[in-house]
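Numbering (this note's numbering), first residue to last: 24 to 543.
Written out as structure tokens, the structure reads:
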């Protein structure tokens with residue numbers, strides 16, 4: 024009995040046998056089989072496609088479901104899948120479901136058309152049950168694809184092992200991999216796991232887990248004070264991985280205590296005896312003072328503080344101090360009342376505070392009753408940089424500041440309602456009111472009511488605005504109803520702005536005096 028050989032056309036041999044069933048010897052049959060094999064070999068060497076019935080058992084008339092069923096029962100068919108089926112969403116979904124059900128193993132797709140089809144790869148590499156093992160058997164062209172590699176690494180950090188060496192050697196890809204899945208760092212090359220610059224970049228990408236990055240990297244980096252300080256600045260759990268000896272370093276203790284007050288107990292005796300360290304600690308973390316009263320250096324700190332002059336201490340503040348203090352104030356605005364004057368005297372701190380207020384992360388009302396509204400530089404700068412119209416920053420100025428016309432004219436450009444808190448001398452000064460309205464027409468809504476109902480004041484204002492080429496029609500719509508009904512005011516308004524005539528109702532447009540004022 025002759026064992027069948029896959030890929031050989033038995034049709035020719037069989038038909039010949041039927042013609043001469045009694046005469047052919049076994050040698051003749053083998054000769055015909057050898058001839059068929061020779062034809063297949065010749066077709067392979069010349070690059071020509073062999074006849075369909077000799078190479079593919081896939082029937083193009085099969086439905087997608089039928090094709091999936093046949094592939095599940097005969098895995099060798101996976102290597103012969105035509106493009107037509109690979110492009111069929113139903114077929115791809117069926118194959119993926121079969122893999123998830125373990126009817127087809129990922130390794131059985133090795134060296135098949137599936138791993139060269141972008142659509143199939145994109146879908147299959149997103150399925151948790153099969154992604155890791157499928158990626159392992161993918162060709163190098165797939166494992167060198169950065170987007171696909173990161174997609175797999177997001178689910179399985181161990182998949183980093185299977186990416187191509189060319190990708191592993193790229194710093195940019197390694198950083199993206201760590202950002203995608205922090206545990207990938209375990210599989211990075213030793214070069215990256217010990218590189219201070221690389222680890223610093225990685226911690227900046229994932230600041231909340233900076234401590235874990237150090238923990239998973241090379242053990243030697245935990246002795247690197249610079250990296251440890253960077254990690255403890257943003258990661259509340261980074262202290263778990265740091266050596267105990269670092270509790271003798273002031274900046275390290277300040278960083279970790281910010282997240283966990285209880286860690287202050289681990290500070291070295293040297294720091295507990297240092298009045299300057301204790302003062303800085305309490306300045307940054309006022310709520311921690313009760314924990315410091317038993318420190319040997321606490322009383323000396325109190326004595327030094329009492330004897331200190333009130334000179335600005337801004338130069339002592341670092342960028343870290345400023346950022347941390349502002350974040351704490353955002354989380355708990357009541358801390359603004361006890362803020363050390365050294366912060367208010369610091370230009371960088373004031374600038375950051377204005378940004379926070381403009382973004383409404385701290386409301387202006389939170390500053391009431393705080394040193395901020397007693398600090399001249401903060402108040403004067405606030406007039407220039409605070410933009411939100413509902414802040415009414417001007418009302419918090421001292422009485423002397425509210426009487427300054429130049430300062431108020433600057434303020435009403437951003438906050439028209441600030442005119443309400445102007446000194447009485449300014450609110451009764453018509454010339455000043457004209458200038459204020461010219462700088463921002465909405466100021467008219469907040470001037471004293473007796474001016475808004477005074478026809479002479481309104482008409483004089485219109486003449487003033489016309490002289491400075493102000494669009495009088497914009498003011499007209501802000502007028503009191505009694506002024507809009509006053510014929511003299513309407514005529515004066517039309518004289519100052521002929522364009523306003525087109526905006527009046529038809530009854531007024533037929534008035535001869537109004538038409539004459541409009542030049543008609």
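The C-beta atom is built at its ideal place from N, Cα and C for all residues, glycine as well. Just so we're clear, the structure is a prediction, and the values are computed from it rather than from any experiment.
Quick one: grab the DSSP three-state call for residue 534.
coil
For residue 432, which residues of its own chain have a beta-carbon under 7 Å away from its beta-carbon, when the five flanking residues on both sides are left out?
Cβ within range, chain order: 458, 459, 462.
Contacting residues, own chain, Cβ-Cβ under 6 Å from residue 361 (five flanking each side not counted):
309
Buried or exposed for residue 94, going by 16 or more other Cβ atoms inside 10 Å?
Under this definition residue 94 is a buried residue.
Can you give the Cα-Cα distance for residue 413 and residue 438, rounded to whole angstroms?
Summary for residue 413: the model assigns pLDDT 43, below 50, so the residue's position carries little reliability; its value from the coordinates is reported in the next sentence. Going by the C-alpha atoms only, they are around 7 Å apart.
From 395, 280, 194, pick the residue whose C-alpha is nearest to that of residue 347; which is it?
280
Residue range of the alpha helix (DSSP H) that residue 236 falls in?
233-239
To which residues of the same chain is residue 318 closer than 7 Å at the C-beta, ignoring the five residues directly before and after it?
295, 301
Is the beta carbon of residue 485 less than 8 Å from the beta carbon of residue 516?
yes
Cutting at 6 Å between CB atoms, please list the residues of its own chain near residue 180, excluding the five before and the five after it.
204, 206, 207
Three-state secondary structure assigned by DSSP to residue 205
helix
Quick one: grab the DSSP three-state call for residue 250.
helix
Straight-line gap, residue 452 to residue 227 (C-alpha atoms, nearest Å)
Rounded to whole angstroms, the separation of the alpha carbons of residue 227 and residue 452 is 57 Å.
Quick one, which of 365, 327, 355 has its alpha-carbon nearest residue 345's?
Nearest of 365, 327, 355 to residue 345, Cα basis: 365.
Could you have a look at residue 476 and say whether DSSP puts it in helix, strand or coil?
coil
So, residue 100 versus residue 80, is the Cβ gap smaller than 8 Å?
yes
So, is residue 151 buried or exposed, given that buried needs 16 or more other C-beta atoms within 10 angstroms?
exposed
Just to check my reading of the structure: residue 187 and residue 167 have Cβ atoms closer than 8 Å, yes? What is that Cβ distance to the nearest angstrom?
Here residue 187 really is in contact with residue 167; their C-beta atoms are around 4 Å apart, less than 8 Å.
Are the beta-carbon atoms of residue 349 and residue 376 separated by less than 8 Å?
yes
Pairwise C-alpha distance: residue 405 and residue 541:
45 Å
In the structure shown, what three-state DSSP assignment does residue 243 receive?
helix
Taking the C-alpha atoms as reference points, what is the distance between residue 159 and residue 165?
10 Å
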